[in-house]
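Below is one structure, written out as structure tokens; the observations come after it.
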Amino acid sequence: MSTKRALITGITGQDGAYLAQLLLTKGYEVYGLSPRRSNNDSGATRLQWLGVDKDVQLIDGDLTDLSSLIRIMQQIQPDEVYNLGAQSFVKTSWDQPLLTGQVTGMGAANVLEAIRLICPQARFYQASTSEMYGLIQEPMQSETTPFYPRSPYAAAKLYAHWMTVNYRESFDLYACSGILFNHESPLRGLEFVTRKVTDGVARIKLGWETELRLGNIDAKRDWGHARDYVKAMWLMLQQETADDFVIATGRTTTVRDMCKIAFDCLGLEMEKHLVIDPAFFRPAEVDILLGNPEKAKQKLGWEPETSLESMIEEMVEADLQRLSSRS
Ligand code: NDP
Ligand code: GDP
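Mapping to my numbering: the sequence shown position 291 is 291, numbers consecutive.
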């Protein structure tokens, strides 16, 4: 059998790096869409962290530029396309709503269109999100729960989700939408709450900071590990027929309790350092998310392998090590 070729958009992000690593271990040729940035050195940091930067091929292109996507599809003729590229930070989406719509929403439509025109046999994965449930309509969210997006980011992702479903139903593409609940790792962006907390706790331990400033610590999330979640992405593209799946742990925790786990890891007292800062509250909040991964368990044989506690511990240790090596 010939080697499979995969194209990953967002390969320099958290999930892109873990997915590239997974696909390489499975013998794939891995290509990544690489938007131009002025600082080219920083682009592949996460791939370097996992030791796979030399094994993937980055190709210049941007999700907002259909012509670049068409050129790349012609050049690579991929078997599988994973659309992970996005403006992915919810809070920024209120400040840059149109850019978020163009990259996170229209970007997915551009990829689908390039596939339809150039390589309709390619299998497509769309990185959908639990944020689409927003103001939740059911206590535990599954594939049949109605959506109610609460941010420009979630609205853009909902468009991308429905375009994926529509391209599957209209053009018979093998197109899947993975509705992934929050997933984290030592490679998570520093603006997201788990990584902000683990980095902040490590700084306090080293005596560099005394405070950790957060917003709404009553919000609850269903947090899993990115390494586990990229396996589900791959599994979705290996089935007989394309379908949509919720990927979650089935456990929800407050930001406060997640934060406590991080402080406890380093023997610090959270109450002495945590400061609530209105600057980190959002114009609209998603108060609670809790996913039901039953369909993924039954049909994909997928289960989360990492507990919240061990993931936070891994992140705290990685941040402590990373910061210590700088001092
Ligand atoms: P990251 O923010 O870490 O990565 C986003 C990636 O998108 C980066 O590689 C970024 O490149 C790239 N990108 C941004 N703009 C463009 C553009 N115009 N053209 C091409 N690429 C672009 O996200 P994650 O890895 O955490 O998430 C992966 C996907 O999954 C995202 O779509 C996210 O919205 C979605 N998702 C994530 C969840 C999570 O909890 N992590 C939950 C559910 C869905 P650069 O680094 O150069 O800016
Ligand atoms: P999101 O679920 O994609 O928005 O992921 P985040 O990690 O950005 O936020 C998760 C939850 O943590 C949200 O309900 C935020 O309001 C809450 N939160 C509380 N304080 C902070 C903070 O300082 N930064 C971030 N990013 N989120 C915070």
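Heads up, the beta-carbon is just placed ideally off N, CA and C, and yes, glycines get one too.
I want to check one thing, is the minimum distance from the CB of glutamine 14 to the heavy atoms of the ligand NDP below 7 Å?
Along the sequence shown, one-based indexing puts residue 14 at 14. Result yes, Cβ under 7 Å from the ligand NDP.
Where do the ends of the beta strand (DSSP E) carrying valine 246 lie?
Counting from 1 along the sequence shown, the entry for residue 246 is found at position 246. Segment 245-247, the beta strand (DSSP E) holding valine 246.
Reduced DSSP secondary structure (H/G/I, E/B, other) of cysteine 265:
Indexing the sequence shown from 1 puts residue 265 at position 265. Looking at cysteine 265 - three-state DSSP - the assignment turns out to be helix.
Any heavy atom of the ligand GDP within a distance shorter than 7 Å of the CB on isoleucine 179?
Within the sequence shown, numbered from 1, the residue matching residue 179 stands at position 179. No, the ligand GDP has no heavy atom inside 7 Å of this Cβ.
Do you know how far the Cα of alanine 248 is from the Cα of alanine 262?
As a position in the sequence shown, residue 262 is number 262, starting the count at 1. As a position in the sequence shown, residue 248 is number 248, starting the count at 1. Cα to Cα, the separation comes out at about 21 Å.
From the DSSP output, in three-state form, read off leucine 122 for me.
Within the sequence shown, numbered from 1, the residue matching residue 122 stands at position 122. First, the amino acid is wrong: residue 122 is alanine here, not leucine. Coil, per DSSP.
Check each residue's C-beta against every heavy atom of the ligand GDP and list, in chain order, those closer than 5 Å.
Val90, Phe192, Val193, Leu214, Gly215, Asn216, Ala219, Val255 and Phe280
Three-state secondary structure assigned by DSSP to glutamine 110:
In the sequence shown, residue 110 corresponds to position 110, counting from 1. Residue identity differs from the one stated: residue 110 is asparagine in this sequence, not glutamine. Three-state DSSP puts asparagine 110 in a helix.
Which of helix, strand or coil DSSP assigns to glycine 16
Residue numbering aside, residue 16 sits at position 16 when the sequence shown is read from its first letter. DSSP places glycine 16 in helix when its eight states are reduced to three.
Could you check whether glutamine 126 and threonine 92 sit closer than 8 Å to each other, using their CB atoms as the reference points?
For the purposes of this step, residue 92 is taken as residue 92 along the sequence shown, with counting starting at 1. For the purposes of this step, residue 126 is taken as residue 126 along the sequence shown, with counting starting at 1. Result no, Cβ atoms of threonine 92 and glutamine 126 do not sit closer than 8 Å.
Going along the chain, which residues of its own chain have a beta-carbon closer than 7 Å to the beta-carbon of glutamine 21, five neighbours each way excluded?
Indexing the sequence shown from 1 puts residue 21 at position 21. Same-chain partners within the cutoff: Leu50 and Val52.
Separation of valine 275 from alanine 296, as counted between CA atoms:
Translated into positions along the sequence shown, residue 296 becomes position 296. Translated into positions along the sequence shown, residue 275 becomes position 275. Looking at the two C-alpha atoms, the distance is approximately 39 Å.
Helix, strand or coil: how does DSSP classify glycine 200 here?
Along the sequence shown, read from residue 1 onward, the residue named residue 200 stands at position 200. Helix.
How about serine 142 and asparagine 292: are their beta carbons less than 8 Å apart?
Counting from one through the sequence shown, the residue named residue 142 turns up at place 142. Counting from one through the sequence shown, the residue named residue 292 turns up at place 292. Cβ atoms of serine 142 and asparagine 292: closer than 8 Å.
Between which two residues does the alpha helix (DSSP H) containing isoleucine 217 stretch?
Your numbering for residue 217 matches position 217 in the sequence shown. Taken as a continuous stretch (DSSP letters only), isoleucine 217 belongs to no alpha helix (DSSP H), as it is neither H nor E.
Does the separation of the CB atoms of arginine 336 and proline 78 fall below 8 Å?
Here the chain covers residues 1 to 327 and nothing more, so residue 336 does not appear.
Is methionine 311 near arginine 195, with beta carbons less than 8 Å apart?
In the sequence shown, counting from the first residue as 1, residue 311 sits at position 311. In the sequence shown, counting from the first residue as 1, residue 195 sits at position 195. Contact: no.
Please determine, among Leu112, Val246 and Ala122, the residue with the shortest C-alpha to C-alpha distance to isoleucine 328.
Past the boundaries of the shown model lies residue 328; the chain is included only from 1 to 327, so the question cannot be answered.
Is the beta carbon of phenylalanine 245 closer than 8 Å to that of alanine 232?
Position 232 of the sequence shown, counted from the first residue, corresponds to residue 232. Position 245 of the sequence shown, counted from the first residue, corresponds to residue 245. Yes, the pair counts as a contact, with Cβ atoms nearer than the cut-off.
Determine the direct distance from the alpha carbon of glycine 200 to that of arginine 213, and round the result to whole angstroms.
As a position in the sequence shown, residue 213 is number 213, starting the count at 1. As a position in the sequence shown, residue 200 is number 200, starting the count at 1. If you take the alpha carbons of arginine 213 and glycine 200, they lie about 9 Å apart.
Could you tell me if tryptophan 302 is buried or exposed, where buried requires 16 or more neighbouring beta carbons within 10 angstroms of its beta carbon?
On the sequence shown, position 302 is the one that residue 302 refers to. Per the 10 Å Cβ criterion, buried.
Can the beta-carbon of tryptophan 94 be found closer than 8 Å to that of proline 152?
Position 94 of the sequence shown, counted from the first residue, corresponds to residue 94. Position 152 of the sequence shown, counted from the first residue, corresponds to residue 152. Result yes, Cβ atoms of tryptophan 94 and proline 152 sit closer than 8 Å.
Beta bridge counterpart(s) of glutamate 313 as assigned by DSSP:
The sequence position of residue 313 within the sequence shown is 313, counting from 1. DSSP lists no partner for glutamate 313.
From Arg203, Gly224 and Leu237, pick the residue whose C-alpha is nearest to that of serine 325; which is it?
Locating residue 325 in the sequence shown gives position 325, where the first residue counts as 1. With distances taken between Cα atoms, serine 325 lies closest to Arg203.
Identify the residues that DSSP records as bridge partners of threonine 253: which are they?
Within the sequence shown, residue 253 is the residue found at index 253, counting from 1. Its beta-bridge partners are Arg221.
Would you kindly check if the distance between the Cβ of tyrosine 133 and the Cβ of leucine 289 is under 8 Å?
Residue 289 sits at position 289 when you count from the first residue of the sequence shown. Residue 133 sits at position 133 when you count from the first residue of the sequence shown. Cβ atoms of leucine 289 and tyrosine 133: closer than 8 Å.
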